Amino acid sequence: LARQCSQLWLKTREEIGYPLGTYQEANLVYPHVSEKLSRKEVLGQAQTFVLEIGTEELPPHDVVEATEQLEKSLVQILGKRRLSHGKVHTYGTPRRLAVVVENLCLKQMEEEVELRGPPVAKAFDQEGKPTKAAEGFCRKNNVPVDSLYKKIDGKTEYIYARVKESARYADEVLSEDLPTIISGISFPKSMRWNSNIVFSRPVRWIMALHGDLVVPFSFAGISR
Numbered sequence: 002l003a004r005q006c007s008q009l010w011l012k013t014r015e016e017i018g019y020p021l022g023t024y025q026e027a028n029l030v031y032p033h034v035s036e037k038l039s040r041k042e043v044l045g046q047a048q049t050f051v052l053e054i055g056t057e058e059l060p061p062h063d064v065v066e067a068t069e070q071l072e073k074s075l076v077q078i079l080g081k082r083r084l085s086h087g088k089v090h091t092y093g094t095p096r097r098l099a100v101v102v103e104n105l106c107l108k109q110m111e112e113e114v115e116l117r118g119p120p121v122a123k124a125f126d127q128e129g130k131p132t133k134a135a136e137g138f139c140r141k142n143n144v145p146v147d148s149l150y151k152k153i154d155g156k157t158e159y160i161y162a163r164v165k166e167s168a169r170y171a172d173e174v175l176s177e178d179l180p181t182i183i184s185g186i187s188f189p190k191s192m193r194w195n196s197n198i199v200f201s202r203p204v205r206w207i208m209a210l211h212g213d214l215v216v217p218f219s220f221a222g223i224s225r
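Take the sequence shown: its letters are residues 2 to 225, numbered as in my numbering.
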């Protein structure tokens, strides 16, 4: 009887088109899967950046210390990496540390820098022709020999070149720097696990988002 009732119920729902809801294939496409396309679509628009660290329960004073250090380190890295941004906020609970950066640019600012090479005496021979030292300097920095110029620094004259540093996407840069930022947090007392990982308490999960883009990185054997 129970089987007959179930079959009748299913048949009836099928006939009336399942009025309580319709089946739909789950959309399993996440923003980071189409990362390159997303970048192009939002290029030039600043996005909020979020970094979260999930841990085992931290002592209250360690929460305060960690959030302060996170903010300081991240701001320093963003400045060093030529990534413009807005206000920075930090949040902390015994099991969760977070830093939020408003209006973080999508790409680094291009910058032209002056690089110093070897002394002029070693860069050119007696006939004024470039030596292997000068050629190596040019090859390393991808500049032509005729773009070199001379300047005195202290009591020595050196060759110099102006090099334009290309702009990289913020998520690429942060992927390299986030592990260093987290590992740089210090505590009065720390635990060691995974052989060489040191933190106040074991880290259980990590997450970094720049707008809708996942910023991939690894720390303490955890990858995101």
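Backbone N, C-alpha and C fix where the C-beta goes; we use that ideal spot for every residue, glycine too. No experiment lies behind these values; they were computed from the predicted model shown.
Residues near residue i in its chain [Cβ-Cβ closer than 7 Å; skip 5 each side]
i: residue 112; result: 83 and 166
i: residue 121; result: 151, 158, 159 and 160
i: residue 132; result: 123, 124, 125 and 126
i: residue 183; result: 54 and 220
i: residue 74; result: 182 and 185
i: residue 211; result: 48, 50, 105, 171 and 172
Separation of residue j from residue i, as counted between CA atoms
i: residue 161; j: residue 134; result: 13 Å
i: residue 156; j: residue 140; result: 26 Å
i: residue 205; j: residue 101; result: 20 Å
i: residue 223; j: residue 178; result: 15 Å
i: residue 213; j: residue 49; result: 9 Å
i: residue 86; j: residue 189; result: 31 Å
i: residue 236; j: residue 72; result: Because the chain is modelled from 2 through 225, residue 236 falls outside the range shown and cannot be assessed.
i: residue 144; j: residue 115; result: 12 Å
i: residue 217; j: residue 70; result: 21 Å
i: residue 201; j: residue 209; result: 20 Å
i: residue 187; j: residue 193; result: 12 Å
i: residue 78; j: residue 137; result: 30 Å
i: residue 197; j: residue 180; result: 14 Å
i: residue 99; j: residue 129; result: 58 Å
Run of the alpha helix (DSSP H) containing residue i, from where it starts to where it stops
i: residue 93; result: Looking at the DSSP string, residue 93 is not in any alpha helix (DSSP H); the run it does join, the beta strand (DSSP E), is 89-94.
i: residue 142; result: 133-142
i: residue 154; result: Here residue 154 belongs to no alpha helix (DSSP H); instead the beta strand (DSSP E) covers 150-154.
i: residue 98; result: Looking at the DSSP string, residue 98 is not in any alpha helix (DSSP H); the run it does join, the beta strand (DSSP E), is 97-105.
i: residue 62; result: 61-81
Proximal residues to residue i (C-beta, below 6 Å), its chain only, five neighbours per side dropped
i: residue 149; result: 160 and 162
i: residue 64; result: 93
i: residue 207; result: 54, 220, 223 and 225
i: residue 59; result: 95, 201 and 202
i: residue 67; result: 98 and 186
i: residue 168; result: 108, 109 and 111
Extent of the continuous beta strand (DSSP E) run through residue i
i: residue 112; result: 112-120
i: residue 52; result: 48-56
i: residue 160; result: 157-166
i: residue 225; result: Taken as a continuous stretch (DSSP letters only), residue 225 belongs to no beta strand (DSSP E), as it is neither H nor E.
Contact belief for residue i with residue j at Cβ below 8 Å, rounded distance in angstroms
i: residue 203; j: residue 57; result: 5 Å
i: residue 142; j: residue 164; result: 5 Å
Neighbourhood of residue i by C-beta, 8 Å cutoff - its chain only, sequence neighbours within 5 removed
i: residue 38; result: Confidence is the limiting factor: at residue 38 the pLDDT is only 44, short of 50, which leaves the residue's position unreliable and the question unanswerable from this model.
i: residue 119; result: 134, 135, 138, 159 and 160
Per DSSP, cross-strand counterpart(s) of residue i
i: residue 187; result: The partner list for residue 187 (beta bridge, DSSP) is empty, contrary to what the question assumes.
i: residue 125; result: 131
i: residue 204; result: 56
i: residue 211; result: 50 and 214
i: residue 199; result: 193
i: residue 108; result: 170
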